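Asks: I have a structure here, written as structure tokens, and I will follow up with some questions on it.
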Amino acid sequence: MDPRGVDLGTALGPLELKNPVIAASGTFGYGREYSSIVPPGSLGGIVVKGISLEPKAGNPPPRIVETPSGMLNAIGLANIGVEAFIEEKLPWLRSLDTKVFVNIYGHRLEEYRAVASAFKGLEGVDALEVNISCPNVDKGGMAFGTDPGMAARVTEAVLSSTDKPVIVKLTPNVTDITEIAKAVEAAGAHGLSLINTIAGMAVDVETRMPRLANVWGGLSGPAIRPVAVYMVYRVVRSVKIPVIGIGGILEARDALEFLISGARAVQVGTANFVNPKATLEIIQGLRDYCARKGIAKLSQIIGTLET
Amino acid sequence: MRVDLVKAHIAANGSVAKDTYLMELRLETEEFLAAPGQFVMLRILDTTDPLLRRAFSICSLIKPNVIQIMYRVVGKGTRLMKDMKEEETLELLGPLGNGFQGPERGKKAVLVSGGIGVAPLFFLASRLKPHDLKFIAGYGSKEDVVPPGLLGLEEGSVLFATEDGSCGYHGLVTELFEAELNKTLSRQLQVYCCGPWEMLKKLAHICYEYDLDCQVSLESAMACGVGACQGCAVKASASYPPDYFHVCSHGPVFSSSDIDWEG
Ligand SMILES: Cc1cc2nc3c(=O)[nH]c(=O)nc-3n(C[C@H](O)[C@H](O)[C@H](O)COP(=O)(O)OP(=O)(O)OC[C@H]3O[C@@H](n4cnc5c(N)ncnc54)[C@H](O)[C@@H]3O)c2cc1C
Ligand SMILES: Cc1cc2nc3c(=O)[nH]c(=O)nc-3n(C[C@H](O)[C@H](O)[C@H](O)COP(=O)(O)O)c2cc1C
Ligand code: FES
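Keeping their order, the protein sequence lines are chains Y and G.
Last residue of the first sequence? That's 306 in numbering that gives the first Met the number 0, and every number before it is there in order.
Last residue of the second sequence? That's 262 in numbering that gives the first Met the number 0, and every number before it is there in order.
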């Protein structure tokens, strides 16, 4: 079978993607940074850096540190703010032949509502991805995504402020991720993406100082992949809405672990830093895999885990 | 700016001073359009540890598609690099960042390095006329000194300072720099420097006092190298609330007055 003949198309509820490979939020800038290496039109989608109502400078450095087969980051959700994003970044994104997901966050329900409504009716934004890993300032800084009730309220707040499909991005830093997933589904979300980074920390034993100025950060990269695959496996079995798998994907085989476990699409994050061509190689690798297995449509392998 | 991924064949890799190596890379591209001050990011192994690419300044461009980098062995990645053999290949991302500017006509360039910070300044020196520049290199000790002849500069064209006094001026390179400033009457100078943060901070201060334009090349932990991750932040001067530059895409070369040296 000719790999070129393989249909990689996948659907996330109302969204039709040409292939299941999406660049993850915070690792692909606003889409343009890697465009000389990765033609954006070859991707299933791009998720832009998390956008908030006001511009945010982010945390003091050091913001990143390498760990075994992974990295910790404490960027502090630095971003240019919704107004500058729409003015400066969106026109270019709009010209792309790929799905554009705008990742949004806030520290109050009101902020989520305001950012979401800023994109109402705007062309070039195909969906919102809601980051609920942020601390809720009205609830003593507890992350929205760690409580089913709060996660549902953010989902409702965003849904009532937008005409776009809403994908809620779950944090793994919880006792039972399926409880959050079910609450978000019940609140009406169109899809889920998981996982965000796992909370972690590293210490410089010479200076006895944390390696990140923020003390702790989020772990990403291949080190987290088994955790992510397990969470996707569990969530897929507890909800009906489509799930996007994220965490430590470097190559096609890694993406396949998620797809076989039931994810309808995947996001690639840290791998972009390691190998800027990773997304392209994964797309090609998926074609080759399907061809080798005699599978005409990638969708035929989604959720085919043998247990 | 156009960033590319290119295959780099190791053409030579050898020691040039204590814990310091020079690697020559033949790139699978016709022409590598690199300017002094720009850098590359190398993927050392295909495995996941080390995971991230390592950043190195371009130390010289000896042919349109042959570059040299000079590196100090400090950790896992550079330890692997020093044992790599000719004809092994690495994957290179670059050229990255913005290089040094100027000097303006009529201004003499003063290059000041600390330790391995000498690497990008060698490239800059190779692009300037010998009588238009003064090169001052600081090291810990004589065994750390990289002979300028290895990079095609005339022996004797570089002034040395060593902290233990085993070669050249006995003391810090910042002291030698100030002593040299006091010897010359002309203030038509453009200062370029690269080295440890504390040294750059001192130089920035001296240049402020002498009213000299000073460009610094900075380092920061990096993940992407292309402005996509916002990991390589450095605090901008006179910014409250704090504002940050990204070393990879706004720098790595900055005007010293743009940086908050206390941040
Ligand atoms: C723009 C730029 C240009 C550079 N040019 C040179 C050069 O010409 N020659 C040279 O010897 N070194 C240079 N460095 C520093 C070089 O990148 C580090 O020494 C190298 O990454 C260390 O890797 P390691 O695996 O041996 O050390 P480890 O300590 O094991 O590295 C662990 C992690 O920390 C990062 N890291 C460690 N030290 C530094 C550092 N000083 N700066 C940034 N990240 C660091 C590594 O990239 C890695 O992700 C430059 C850094 C930057 C940002
Ligand atoms: C440097 C960096 C910045 C990130 N920024 C965001 C962000 O702004 N919003 C978000 O929802 N996730 C963010 N993430 C999380 C990633 O999108 C992804 O969920 C996570 O890194 C796991 O995937 P990976 O292992 O493929 O990187 C960031 C991750 C990294 C490494
Ligand atoms: S290293 Fe990613 S923005 Fe500079």
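All C-beta atoms, glycine included, are put in the ideal place defined by N, C-alpha and C.
Computed from a prediction, not measured in an experiment: that's the story for all the values here.
1) Which bits of chain G does Y/F27 rub up against, with CB to CB less than 8 Å?
2) Jot down the residue ranges of each uninterrupted alpha helix (DSSP H) in the segment 104-136 of chain G, minimum 4 residues, whole runs only, in chain order.
3) Using a C-beta to C-beta distance shorter than 7 Å, which residues of chain Y count as neighbours of G/A222?
4) Can we count G/V246 as close to ligand 5, meaning its CB is less than 8 Å from some heavy atom?
5) Report yes or no: do the segment 181-189 of chain Y and the segment 236-254 of chain Y share at least 3 C-beta pairs separated by less than 8 Å?
6) Does the beta-carbon of Y/L211, which I'm using as the reference point, lie nearer than 8 Å to any heavy atom of ligand 1?
7) At least one CB of chain G closer than 9 Å to the CB of Y/K163: is that the case?
8) When the distance is taken between beta carbons, is G/L89 closer than 9 Å to G/I43?
9) Counting C-beta neighbours from all protein chains within 10 Å, is the total for Y/M208 16 or more, i.e. buried, or is it exposed?
10) Of all Cβ atoms in chain G, is any one closer than 9 Å to the Cβ of Y/P241?
11) How would you label G/H130, buried or exposed, when you count the other beta carbons within 10 angstroms and need 16 or more for buried?
12) Between the beta-carbon of Y/V64 and the beta-carbon of Y/L297, is there less than 9 Å?
13) Please tell me whether G/T47 has its Cβ less than 9 Å away from any Cβ of chain Y.
14) Which same chain residues end up closer than 7 Å to Y/A270 when comparing Cβ atoms and leaving out the 5 residues on each side of it in sequence?
15) I need the DSSP call for G/C192, collapsed to helix, strand or coil.
16) By the 10 Å Cβ neighbour count, where 16 or more other Cβ atoms means buried, how is Y/D175 classified, buried or exposed?
17) Kindly say whether G/S219, judged by its beta-carbon, lies nearer than 9 Å to any beta-carbon of chain Y.
18) At a CB distance below 7 Å, what residues from the segment 62-95 of chain G approach chain Y? Give them in sequence order.
19) Pick helix, strand or coil for G/G74, following the three-state DSSP scheme.
20) Is DSSP giving G/M221 helix, strand or coil here?
21) Within 9 Å of any Cβ in chain Y, is that where the Cβ of G/A203 sits?
22) What three-state label does DSSP hand G/R265 in the structure shown?
23) Any residue with its Cβ nearer than 5 Å to a heavy atom of ligand 1 should be included. What is that list in chain order?
24) At which residue ranges does the segment 199-242 of chain Y contain complete alpha helix (DSSP H) runs of 4 or more residues, listed in the order of the chain?
25) For Y/K276, go through chain G and note every residue whose CB falls closer than 7 Å to its CB, in chain order.
26) I'd like to know if G/A232 contacts chain Y, where contact means its C-beta is closer than 9 Å to some C-beta of that chain.
Replies: Short version:
1) Position 28 of the first sequence, counted from the first residue, corresponds to residue 27 of chain Y. A227, listed in chain order.
2) Whole alpha helix (DSSP H) segments, 4+ residues: 117-125.
3) Your numbering for residue 222 of chain G matches position 223 in the second sequence. Taking the beta carbon of G/A222 as reference, the chain Y residues within 7 Å of it are I63, M70, F272, listed in sequence order.
4) Only ligand 1, ligand 2 and ligand 3 can be found as ligands here, which leaves ligand 5 out of the picture.
5) With a cut-off of 8 Å, the segment 236-254 of chain Y and the segment 181-189 of chain Y count as touching, because enough Cβ pairs lie within range.
6) The residue labelled residue 211 of chain Y in the question sits at position 212 within the first sequence. Result no, Cβ not under 8 Å from ligand 1.
7) Position 164 of the first sequence holds residue 163 of chain Y. Taking 9 Å as the threshold, the shortest C-beta distance from Y/K163 to chain G does not fall below it.
8) On the second sequence, residue 43 of chain G is found 44 positions in, with the first residue counted as 1. On the second sequence, residue 89 of chain G is found 90 positions in, with the first residue counted as 1. The beta carbons of G/I43 and G/L89 sit closer together than 9 Å.
9) Reading the first sequence from its first residue, position 209 is the one you call residue 208 of chain Y. Answer is exposed; the Cβ neighbour count stays below 16.
10) Numbered from its first residue, the first sequence carries residue 241 of chain Y at position 242. So no, Y/P241 is outside the interface.
11) In the second sequence, counting from the first residue as 1, residue 130 of chain G sits at position 131. In summary, G/H130 is exposed, with fewer than 16 beta-carbon neighbours lying within 10 Å of its beta-carbon over all protein chains present.
12) Within the first sequence, numbered from 1, the residue matching residue 64 of chain Y stands at position 65. Within the first sequence, numbered from 1, the residue matching residue 297 of chain Y stands at position 298. For the pair Y/V64 and Y/L297, the CB atoms are not nearer than the 9 Å cut-off.
13) In the second sequence, counting from the first residue as 1, residue 47 of chain G sits at position 48. Residue-level contact check: G/T47 touches chain Y, since one or more beta carbons of chain Y fall below 9 Å from its beta carbon.
14) As a working mapping, residue 270 of chain Y is identified with position 271 in the first sequence. Cβ neighbours of Y/A270 beyond the five flanking positions: I248, L249, A277.
15) By 1-based counting over the second sequence, the position of residue 192 of chain G is 193. Residue state, collapsed to three classes: strand.
16) For the purposes of this step, residue 175 of chain Y is taken as residue 176 along the first sequence, with counting starting at 1. Classification of Y/D175: exposed, given that the 10 Å Cβ count is below 16.
17) On the second sequence, residue 219 of chain G is found 220 positions in, with the first residue counted as 1. Under the 9 Å criterion on CB atoms, G/S219 is classed as interfacial with respect to chain Y.
18) Cβ contacts with chain Y come from L92.
19) Mapped onto the second sequence, residue 74 of chain G falls at position 75. Note: G/G74 maps to coil in three-state DSSP.
20) Counted from its first residue, the second sequence places residue 221 of chain G at position 222. Residue state, collapsed to three classes: coil.
21) Here residue 203 of chain G refers to the residue found at position 204 when the second sequence is read from its first residue. No, no contact with chain Y.
22) Only positions 0 to 262 of chain G appear in the structure, and residue 265 of chain G is not among them; the question remains open.
23) Here the list is Y/E65, G/F38, G/L51, G/R53, G/A54, G/F55, G/S56, G/Y70, G/R71, G/V73, G/G74, G/K75, G/G76, G/T77, G/I115, G/A118, G/E218, G/A220, G/P251.
24) Listed in chain order, they are 224-235.
25) As a position in the first sequence, residue 276 of chain Y is number 277, starting the count at 1. At a beta-carbon threshold of 7 Å, the residues of chain G lying near Y/K276 are L4, ordered along the chain.
26) In the second sequence, the residue the question calls residue 232 of chain G occupies position 233. For G/A232, the answer is yes, since a Cβ of chain Y falls inside 9 Å of its Cβ.
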